[in-house]
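J.: In this note's numbering, the protein residues as written are 10 to 458. Glycine residues also receive a C-beta, built at the ideal position from the N, C-alpha and C atoms.
Structure (structure tokens):
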């Protein structure tokens, strides 16, 4: 019995590891697909389950004396996620870990989980079709949910307020809803290009999903998200030109025609024209200080950026501390340095972030924090670019392009909002990025679609 006990324990551990890895694709797909339509009911529980299972798997794996099969690059990526989270903790410590600091640290737990997700997902060897299906489902479900919102809730809202209704998903947040729908739509369009040569029906379904996600994006009224569409079209065009080098001229002509058709379609939309006209009016009428009235979204952003820059100038290395920007805004408004509109927001609670991840990082975590943010974006981007350009397998190259799109989307979205400080978009970034990095690191073992 003494001899058999260690063997029994080992078999039990191996069975648990395999069981965890077996359910991983389904949990990944459910979490990625339902983020906009069932955030609390499905997305959150499945994402948190994945994070917990990744930690359990890692403990079991290391206890068994097995090595992690992700190479030096995988360790570097995990280290980047760890550094990003640790710098936030250090910056919170500069504020004495007060209530605001501890509340904001919660957002960084997703990045800490990324440390464990990368080796876990490398071991899971999830087939790419799970990823493409999940993002397509996210796009299509977002479109259906937005359609329901606009027609079921929109008329009463417009009658009561006189304003156009903007779809916000199950969480009721228009900007993250629009950002996620836009990214899912573009990824679905890429998936259609990937599968078109061999599986035409599946490619058609991806096109439908892309249209649904695009509808959700426009129904959300998220102007910052719309600016990603040209970037997405350009990256997909590069993918197609790499895959079909003999047809580059035709592809360039098709790209120009698509851009023209999209421009004409946008001009025909009264809601889109109004949103851009409002943006132009907000920029041209902007004046520093109390000239900015509540509701002027771009004017408020300019004021928050000015105030955040003041905070950085006073504390350039580690910033004023995680969670301290709201108090800084209130003090700056009381001193007459910025508009009172910043603190009048949310019934006097005021804005809590700078609506720009880069400037927010400078203000709350200083140059060190900004450096960790740039590493978080640029190192994965480099890995995805290498996968897209160097891998001979077309399926794996497509994963590289999907990673490029994901990183570029977040770098653009970060210009007009602090999306890495919102649980919904921060969690989605970690989920998609770690999933795509794991498939890239798995390399030759990842099967073609």
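Kindly give me the distance between the Cβ atoms of residue 200 and residue 141, rounded to whole angstroms, as I take these residues to be in contact under 8 Å.
T.: Counting from 1 along the chain shown, the entry for residue 200 is found at position 191. Counting from 1 along the chain shown, the entry for residue 141 is found at position 132. Confirmed, Cβ separation roughly 4 Å.
J.: Of all the options 128, 101 and 49, which has the alpha carbon lying nearest to the alpha carbon of residue 81?
T.: Locating residue 81 in the chain shown gives position 72, counting from the first residue. Per the Cα distances, 128.
J.: Report the start-end ranges of each alpha helix (DSSP H) in the segment 14–99 that is 4 residues or longer and not cut off at the edges.
T.: 53–72
J.: In this structure, does DSSP put residue 344 in helix, strand or coil?
T.: Here the question's residue 344 lines up with position 335 in the chain shown. Reduced to three states, the DSSP call for residue 344 is coil.
J.: Ends of the alpha helix (DSSP H) at residue 230?
T.: If you number the chain shown from 1, residue 230 lands on position 221. From DSSP, residue 230 is part of no alpha helix (DSSP H); its letter is neither H nor E.
J.: How long is the line joining the alpha carbons of residue 418 and residue 55, rounded to whole angstroms?
T.: In the chain shown, counting from the first residue as 1, residue 418 sits at position 409. In the chain shown, counting from the first residue as 1, residue 55 sits at position 46. Rounded to whole angstroms, residue 418 to residue 55 spans 24 Å at the Cα level.
J.: Run the CB neighbour count on residue 256, radius 10 Å, all protein chains shown included, and call it buried at 16 or more, exposed below.
T.: As a working note, residue 256 is residue 247 in the chain shown. Counting Cβ neighbours within 10 Å, residue 256 comes out exposed, since fewer than 16 surround it.
J.: Can you give the Cα-Cα distance for residue 24 and residue 66, rounded to whole angstroms?
T.: Reading the chain shown from its first residue, position 15 is the one you call residue 24. Reading the chain shown from its first residue, position 57 is the one you call residue 66. Distance between the alpha carbons of residue 24 and residue 66: 11 Å.
J.: Would a C-beta distance cut-off of 8 Å place residue 137 and residue 404 closer than the cut-off?
T.: The residue you call residue 137 lines up with position 128 of the chain shown. The residue you call residue 404 lines up with position 395 of the chain shown. For residue 137 and residue 404, yes; Cβs fall inside 8 Å.
J.: What are the uninterrupted segments assigned as alpha helix (DSSP H) that are 4 or more residues long and contained completely in the segment 104–170, given in chain order?
T.: 108–114, 118–133, 137–161 and 163–170
J.: How about residue 150 and residue 42: are their beta carbons less than 8 Å apart?
T.: The residue labelled residue 150 in the question sits at position 141 within the chain shown. The residue labelled residue 42 in the question sits at position 33 within the chain shown. Yes.
J.: Should the segment 163–175 be called in touch with the segment 218–225, which here means at least 3 C-beta pairs below 8 Å?
T.: no
J.: Given a cut-off of 8 Å, decide if residue 375 and residue 327 are closer than it, judged by their beta-carbon atoms.
T.: Mapped onto the chain shown, residue 327 falls at position 318. Mapped onto the chain shown, residue 375 falls at position 366. Residue 327 places its beta carbon less than 8 Å from that of residue 375.
J.: Name the two residues that bound the continuous alpha helix (DSSP H) containing residue 255.
T.: Counting from 1 along the chain shown, the entry for residue 255 is found at position 246. Here residue 255 belongs to no alpha helix (DSSP H), and DSSP marks it neither H nor E.
J.: Tell me whether residue 355 sits in a helix, a strand or coil according to DSSP, three-state version.
T.: Looking up residue 355 in the chain shown gives position 346. Coil at residue 355, not helix or strand.
J.: Is the separation between the beta-carbon of residue 354 and that of residue 303 shorter than 8 Å?
T.: Counting from 1 along the chain shown, the entry for residue 354 is found at position 345. Counting from 1 along the chain shown, the entry for residue 303 is found at position 294. It is a contact, given that the beta carbons lie within the stated cut-off.
J.: Excluding sequence positions up to five away, which residues of its chain have a Cβ less than 7 Å from the Cβ of residue 163?
T.: Locating residue 163 in the chain shown gives position 154, where the first residue counts as 1. Closer than 7 Å at the Cβ level, and outside the excluded window around residue 163, lie 174.
J.: Along the alpha helix (DSSP H) that carries residue 206, what are the first and last residues, could you check?
T.: Locating residue 206 in the chain shown gives position 197, counting from the first residue. No alpha helix (DSSP H) holds residue 206; DSSP gives it neither H nor E.
J.: Roughly how many whole angstroms lie between the Cα atoms of residue 340 and residue 29?
T.: As a first step, residue 340 must be located in the chain shown, where it is residue number 331. As a first step, residue 29 must be located in the chain shown, where it is residue number 20. Using only the alpha carbons, I get a separation of about 50 Å.
J.: Between residue 155 and residue 225, which are expected to be in contact by the criterion C-beta below 8 Å, what is the C-beta distance as a whole number of angstroms?
T.: Counted from its first residue, the chain shown places residue 155 at position 146. Counted from its first residue, the chain shown places residue 225 at position 216. Sure, about 4 Å apart at Cβ, within 8 Å.
J.: Need the endpoints of the alpha helix (DSSP H) that residue 303 sits in, please.
T.: Position 294 of the chain shown, counting from 1, holds the residue named residue 303. Per DSSP, residue 303 belongs to no alpha helix (DSSP H) and is neither H nor E.
J.: Reducing DSSP to helix, strand and coil, say where residue 175 ends up.
T.: Walking along the chain shown from the start, residue 175 turns up at place 166. Residue 175: coil per DSSP, three-state reduction.
J.: Report the rounded CA-to-CA distance for residue 455 versus residue 134, giving the unit in angstroms.
T.: Along the chain shown, read from residue 1 onward, the residue named residue 455 stands at position 446. Along the chain shown, read from residue 1 onward, the residue named residue 134 stands at position 125. With a pLDDT of 42 at residue 455, under the threshold of 50, the predicted position of this residue should be treated as unreliable, though the coordinate-derived value follows. Roughly 7 Å between the two C-alpha positions.
J.: Do residue 47 and residue 179 come within 8 Å of each other at the CB atom, strictly closer than that value?
T.: The residue you call residue 179 lines up with position 170 of the chain shown. The residue you call residue 47 lines up with position 38 of the chain shown. Taking 8 Å as the Cβ cut-off, residue 179 and residue 47 qualify as a contacting pair.
J.: Whether or not the segment 437–452 and the segment 400–416 are in contact is what I'm after, with contact meaning three or more pairs of Cβ atoms, one per stretch, closer than 8 Å; do they touch?
T.: yes
J.: Rounded to the nearest angstrom, what separates residue 443 and residue 314 at their Cα positions?
T.: Sequence index remark: in the chain shown, residue 443 carries index 434 (1-based). Sequence index remark: in the chain shown, residue 314 carries index 305 (1-based). Cα to Cα, residue 443 sits roughly 30 Å from residue 314.
J.: State the DSSP-derived secondary structure class of residue 349, mapped to helix, strand or coil.
T.: Here residue 349 refers to the residue found at position 340 of the chain shown. Residue 349 falls in the coil class under three-state DSSP.
J.: Helix, strand or coil: how does DSSP classify residue 297 here?
T.: To locate residue 297, count along the chain shown from 1; it is residue 288. Three-state result, residue 297: coil.
J.: As a quick exercise: from 408, 382, 393 and 395, pick the residue whose alpha carbon is nearest that of residue 89.
T.: Counting from 1 along the chain shown, the entry for residue 89 is found at position 80. The shortest C-alpha separation from residue 89 is found at 382.
J.: Roughly how many angstroms lie between the CA atoms of residue 5 and residue 360, to the nearest whole one?
T.: Past the edges of the chain, shown from 10 to 458, lies residue 5, and the structure says nothing about it.
J.: On the premise that residue 183 lies in contact with residue 231, defined as a C-beta separation below 8 Å, what is that separation, rounded to the nearest angstrom?
T.: Within the chain shown, residue 231 is the residue found at index 222, counting from 1. Within the chain shown, residue 183 is the residue found at index 174, counting from 1. Sure, about 6 Å apart at Cβ, within 8 Å.
J.: Within its chain, find whatever has a CB closer than 6 Å to the CB of residue 242; leave out the 5 residues flanking it on each side and keep chain order.
T.: The residue labelled residue 242 in the question sits at position 233 within the chain shown. Same-chain partners within the cutoff: there are none.
J.: Mark residue 421 as exposed unless 16 or more other C-beta atoms lie within 10 angstroms of its C-beta, in which case mark it buried.
T.: Working through the chain shown from its first residue, we reach residue 421 at position 412. Classification for residue 421: buried.
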